[in-house]
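Contents: one structure, followed by commentary.
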Amino acid sequence: MATTKTLDDLFLDTLKDIYFAEKQILKALPKMARAAQSEEGKAGFLHHRDETQGQIERLEQVFEILGKPARGKTCEAIQGMIAEGEEIMEEFKGSVALDAGLISSAQVVEHYEIARYGTLIAWAGQLGLKNAVPLLQANLAEEEATDKKLTKLATSQANAKGAKAA
Numbered sequence: 192m193a194t195t196k197t198l199d200d201l202f203l204d205t206l207k208d209i210y211f212a213e214k215q216i217l218k219a220l221p222k223m224a225r226a227a228q229s230e231e232g233k234a235g236f237l238h239h240r241d242e243t244q245g246q247i248e249r250l251e252q253v254f255e256i257l258g259k260p261a262r263g264k265t266c267e268a269i270q271g272m273i274a275e276g277e278e279i280m281e282e283f284k285g286s287v288a289l290d291a292g293l294i295s296s297a298q299v300v301e302h303y304e305i306a307r308y309g310t311l312i313a314w315a316g317q318l319g320l321k322n323a324v325p326l327l328q329a330n331l332a333e334e335e336a337t338d339k340k341l342t343k344l345a346t347s348q349a350n351a352k353g354a355k356a357a
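For the sequence shown, our numbering gives the first residue as 192, with consecutive numbering after it.
This is the structure:
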């Protein structure tokens with residue numbers, strides 16, 4: 192007979208998923224920074240790399256609260272998003288549209304993270320994990336701020352530059 196899975200199990204599973212995702216993002220951000228053509232884009236990706244390290248540390252604190260080892264679970268979704276970003280870096284290398292493509296790829300990842308953190312916050316509240324909520328909220332706030340910065344960078348520079356023929 193199959194064991195009954197609970198919201199606790201789903202919370203831990205999702206926590207492992209976002210932990211894996213953040214670790215993969217941490218590896219991808221320096222590549223994106225190197226590929227970016229604008230100084231603002233390069234700086235933004237490197238700044239978010241530093242934030243991501245802090246997010247990983249907060250996730251490790253959530254694992255501690257649960258009394259579980261900090262271990263990721265392969266997240267096919269994030270692997271696909273990162274692969275798409277790498278395709279853009281390759282296919283648009285040297286083009287005026289590269290930065291717009293990088294920003295678009297980064298925002299796909301940000302929206303995934305925003306959805307995951309929102310869900311984890313709701314579940315942590317429901318499960319009475321009061322000490323986990325502010326850690327997850329801090330990560331969510333950073334992801335939302337990064338998304339807004341990316342939108343601003345796209346609309347103020349990258350999209351217009353990418354629309355021009357080289």
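We put the beta carbon where it would ideally sit given N, CA and C, even for glycine. If you're wondering where the values come from, they're calculated on a predicted model, not measured in any experiment.
Problem - Unbroken alpha helix (DSSP H) run spanning LEU217, endpoints - result: 198-226
Problem - Simplified DSSP assignment, three categories, for ARG284 - result: The question names Arg, yet the displayed sequence has Lys at residue 284. LYS284: coil per DSSP, three-state reduction.
Handout entry: Counted within 10 angstroms of its Cβ, other Cβ atoms place GLN244 as buried (16 or more) or exposed
Key = exposed
Problem - Cβ pair PHE283, GLY292 closer than 8 Å - result: yes
Exercise for the section: Hey, could you find the ends of the alpha helix (DSSP H) SER229 is sitting in? Expected result: Careful: SER229 lies outside any alpha helix (DSSP H) and carries neither H nor E.
Practice task
May I ask you to report which of helix, strand or coil DSSP gives ASN322?
Solution key: coil
Problem - Classification of LYS207 by the beta-carbon crowding that lies within 10 angstroms, buried from 16 upward - result: When all chains shown are included, LYS207 counts as buried.
Handout entry: Straight-line Cα distance separating ASP200 from GLY319
Key = GLY319 and ASP200 have their C-alpha atoms some 14 Å from each other.
Problem - Stretch-stretch touch, CB-based, cutoff 8 Å, three pairs: the region 224-238 with the region 300-318 - result: no
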